[in-house]
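One point on numbering: in the working numbering, the residue at position 100 of the sequence shown is 108, and numbering is uninterrupted.
Note that the Cβ used here is the ideal one computed from N, Cα and C, for glycine as well.
Treat the numbers as computed from the prediction; the structure is a model and nothing was measured.
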Amino acid sequence: MYQLVDPRLELNYSLKAVQKVSQLAYNCLSRDSKSRPTMDEIVKVLTPLQDLNDLAILSYHSRLSQQGKRKKKSEGAQQHTNVSSKSIRDSPLNTGKQRYR
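Laid out in structure tokens, this is it:
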């Protein structure tokens with residue numbers, strides 16, 4: 009799913025929104041024009057997505073944390089951490105400094 013999103017967003021997007029927009033785009037591509045959503049339906053799907061806050065960066069850090077825990081268990085006493093150098097607090101969404109390109 010990460011491959012569908014513009015890399016310039018740097019994980020500052022909602023995973024649920026990507027899934028819903030992907031499904032909506034798929035529905036819009038229906039061969040049968042009567043099966044395609046109307047613009048009203050599209051707006052109804054897209055509008056609430058602006059408020060989603062399940063950021064991909066949070067999911068990414070969670071996955072790294074889980075991978076690190078698995079490595080610790082499998083490698084005994086060696087400590088391995090998979091931590092990004094970029095803090096979640098430094099994210100443009102959390103600092104109020106969103107980047108628009």
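(request) Take ARG44 and list the residues in its own chain whose beta-carbon comes closer than 6 Å to its own, dropping the five residues that flank it on each side. (result) Position 36 of the sequence shown holds residue 44. Taken in chain order, the residues that qualify are CYS36 and SER38.
(request) Starting from the C-beta of TYR34, find all residues in its chain whose C-beta is less than 8 Å away, skip the five residues before and the five after it, and write them out in chain order. (result) Position 26 of the sequence shown holds residue 34. No residues qualify anywhere along the chain.
(message) For VAL26 and LEU60, I'd like the C-alpha separation in whole angstroms.
(response) Residue mapping note: residue 26 aligns to position 18 of the sequence shown, counting from 1. Residue mapping note: residue 60 aligns to position 52 of the sequence shown, counting from 1. Whole-angstrom Cα-Cα distance: 11 Å.
(request) Check LEU54 in the structure and name its three-state DSSP category. (result) By 1-based counting over the sequence shown, the position of residue 54 is 46. It is helical.
(message) To the nearest angstrom, how far is the alpha carbon of MET47 from that of LEU32?
(response) The count along the sequence shown starts at 1 and reaches residue 47 at position 39. The count along the sequence shown starts at 1 and reaches residue 32 at position 24. C-alpha separation (whole angstroms): 11 Å.
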